[in-house]
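Residue numbers for the sequence shown follow my numbering, beginning at 453 and rising by one. In what follows, a single structure is set out as structure tokens and then discussed.
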Amino acid sequence: MTVQVHIPFSTLRTKQKRSLSIILQSPSENSDFGKCSALCAWRWEGLPGQKGEKGEPSHFDGEGMVRGPKGDQGSKGEPGEIGTKGYTGDLGSQGPPGLPGPKGSNSGGSGIPQNERSGFSLSLTVDDLPSINRPLKFNTINVNINEDFDTTEGKFTCKIPGIYYFVFHAMSAQNICVKLKSDTLSDPLSFCDYNTRQIKQVISGGTVLKLSAALRDHQSHKSASMFGCSILGVSLVLCLSPMVSLEPCTSGGTPGMPGIPGPPGYDGRNGLKGEKGNPGTAMQSGLAMGQKGQKGDPGFKGKPGKIGKSGIPGLPGVPGPVGPRGDPAEAEHADSALVSAFSIRRATAVKPERGIPVRFTSVITNINDHYDTETGKFGCQISGTYYFVYHASSSLKTLCVSIMLDGQRLAAFCDHMVNTHTQQMSSGGLAVYVRKGQHVWLETDHNNGMYAMEGKGDSVFSGFLVYAH
């Protein structure tokens with residue numbers, strides 16, 4: 453027989469309650485009688501073990517039914533509102549240029565209607581000398597637009613107000629004086645060349661005039677000549693079409709559309725395993741397993757999406773449509789700010805000083821006052837291509853004339869005097885690009901025989917803007 457006695461106590465160090473068990477065991481039948489057969493044993497109880505896992509929940513729903521399995525997951529909620537518009541994507545690359553428009557109507561290459569242009573070029577090819585102090589009648593027509601020059605009278609009648617440039621080139625083996633007359637000139641311009649050697653020589657002369665409608669210009673000659681004219685200012689494009697830039701219209705593609713909201717994210721990873729629940733209430737006998745639950749309700753409407761990322765650059769734009777047919781160019785008024793022309797006469801027999809600008813002081817035409825009669829220089833106010841020309845009389849001395857641009861010699865022309873007792877005409881001209889602020893003038897060197905005297909010979913310096921660019 454065994455007797456177990458528990459004696460509770462607590463340790464002083466840890467103050468943890470413990471118990472001491474004493475086990476008394478009776479002697480066995482085989483043991484000697486009378487001997488002390490008491491066995492003493494000490495046994496300590498261990499610390500409490502860790503908490504067990506949470507037990508499975510009970511299937512009892514409290515109403516006498518065992519809860520069935522969980523229903524299927526409800527359908528996804530409605531998509532949230534479209535998020536704030538994303539940032540504008542980068543511009544697409546430049547699209548190709550559009551197709552060229554249809555060819556404009558042919559108006560003679562000037563862009564000015566035929567009835568709004570004026571120009572003529574005539575020749576005299578007979579050997580008979582013309583009448584003195586009478587308008588010269590030319591027998592050959594090279595060009596006579598709108599028949600503004602009357603070949604029966606030898607006179608040009610202005611029908612289109614504007615700025616005109618008149619020039620003649622005559623060949624003679626005798627002395628010759630050519631006068632250019634106009635209703636706008638108080639005194640005619642005289643260009644004379646004395647030919648003592650009786651050899652064929654060429655004489656030239658010209659000027660720029662601003663004419664109104666119905667004004668007439670004509671020449672009186674003592675020899676054969678060719679006379680030509682073209683209108684400027686209003687009809688500058690008669691000779692040259694305006695220069696235009698060749699850089700492509702830059703037209704970038706349209707910005708890309710903002711990206712659409714991205715699809716819903718994937719389901720998150722499975723969570724960590726929960727603790728095992730406490731044991732559920734024991735299922736009572738006779739209760740059946742509940743049926744499977746119904747499908748859950750749709751989820752709540754999602755929140756507005758985040759701001760979308762910048763869209764990708766758009767594709768190059770499509771070529772633009774064919775442009776409409778352009779209207780014929782319209783002539784600008786002669787007083788337009790883009791008109792520059794002058795023609796100045798030097799009315800003195802005093803020889804010009806060498807190495808400095810030759811001053812022309814008697815104004816024939818000076819649109820917008822671009823030629824300064826005080827300095828003898830033309831001051832460019834409109835950048836573009838200009839034509840400069842002079843027709844100078846020389847007497848008693850050889851004449852050399854240089855056309856200068858800001859101190860740089862562009863060209864030099866010399867007419868050597870063989871007989872110092874004669875008078876001759878010389879001409880020179882060129883086209884040059886001049887920038888705004890630059891100056892053009894004429895200079896002579898030690899051969900400075902320029903001469904002018906009313907009725908006997910004039911020296912004229914002219915220039916005009918061909919087209920601005």
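Note that the Cβ used here is the ideal one computed from N, Cα and C, for glycine as well.
Status (buried if at least 16 other CB within 10 Å, exposed otherwise) for residue i
i	result
residue 844	buried
residue 586	exposed
residue 854	buried
residue 910	buried
residue 613	buried
residue 921	exposed
residue 764	exposed
residue 819	buried
residue 885	exposed
residue 524	exposed
residue 868	exposed
residue 554	exposed
residue 925	Past the edges of the chain, shown from 453 to 921, lies residue 925, and the structure says nothing about it.
residue 652	exposed
residue 539	exposed
residue 759	exposed
residue 798	buried
residue 501	exposed
residue 836	buried
residue 659	buried
residue 912	buried
residue 641	buried
residue 902	buried
residue 578	exposed
residue 576	buried
residue 619	buried
residue 492	Since pLDDT at residue 492 reaches only 47, below the 50 mark, its modelled position is unreliable, and the value read off the structure follows with that caveat. Exposed, because fewer than 16 other Cβ atoms sit within 10 Å of the Cβ of residue 492.
residue 605	exposed
residue 647	buried
residue 895	buried
Residue i vs residue j beta-carbon contact at 9 Å
i	j	result
residue 666	residue 650	no
residue 639	residue 875	no
residue 594	residue 570	no
residue 729	residue 522	no
residue 830	residue 889	no
residue 610	residue 908	no
residue 657	residue 637	no
residue 766	residue 550	no
residue 852	residue 824	no
residue 574	residue 582	no
residue 883	residue 842	no
residue 904	residue 817	no
residue 541	residue 762	yes
Candidates the options, of which the one nearest residue i by Cα
i	options	result
residue 662	796, 721, 542, 652	796
residue 802	652, 906, 571, 504	906
residue 755	535, 571, 729	535
residue 792	917, 874, 553, 878	917
residue 827	838, 575, 882, 891	891
residue 527	898, 814, 829, 752	752
residue 840	575, 794, 767, 554	794
residue 849	577, 576, 616, 804	804
residue 750	529, 503, 504, 502	529
residue 547	748, 768, 583, 568	768
residue 810	856, 608, 588, 821	856
residue 537	552, 757, 627	757
residue 899	807, 812, 919	807
residue 880	821, 627, 621, 770	621
residue 654	605, 878, 815	878
residue 572	893, 504, 592	592
residue 664	643, 627, 822, 616	616
residue 568	770, 600, 870, 552	600
residue 893	919, 846, 813	813
residue 847	602, 542, 608, 643	643
residue 627	790, 533, 584	584
residue 887	832, 590, 919	832
Beta carbon proximity, residue i to chain D, threshold 9 Å
i	result
residue 601	Included in the structure is just one protein chain, with no chain D present.
heavy atom of the ligand GTP below 8 Å from residue i C-beta
i	result
residue 604	Among the components of this structure there are no ligands whatsoever, and the ligand GTP is therefore not found.
Given 8 Å, three or more beta-carbon pairs between the stretch 860 to 879 and the stretch 765 to 775: As far as the Cβ criterion goes, the stretch 860 to 879 does not touch the stretch 765 to 775, which means the pair count is below three.
In chain order, each alpha helix (DSSP H) run of at least 4 residues that lies wholly inside the stretch 831 to 905: Here no run is fully enclosed.
Length at least 3, wholly inside the stretch 760 to 831: the beta strand (DSSP E) runs in chain order: Here the runs fully enclosed are 793 to 798, 814 to 818, 829 to 831.
Minimum length 3: unbroken beta strand (DSSP E) runs contained in the stretch 599 to 652: If we require 3 residues or more, the beta strand (DSSP E) runs fully inside the stretch 599 to 652 come out as 607 to 609, 614 to 624, 628 to 634, 641 to 645.
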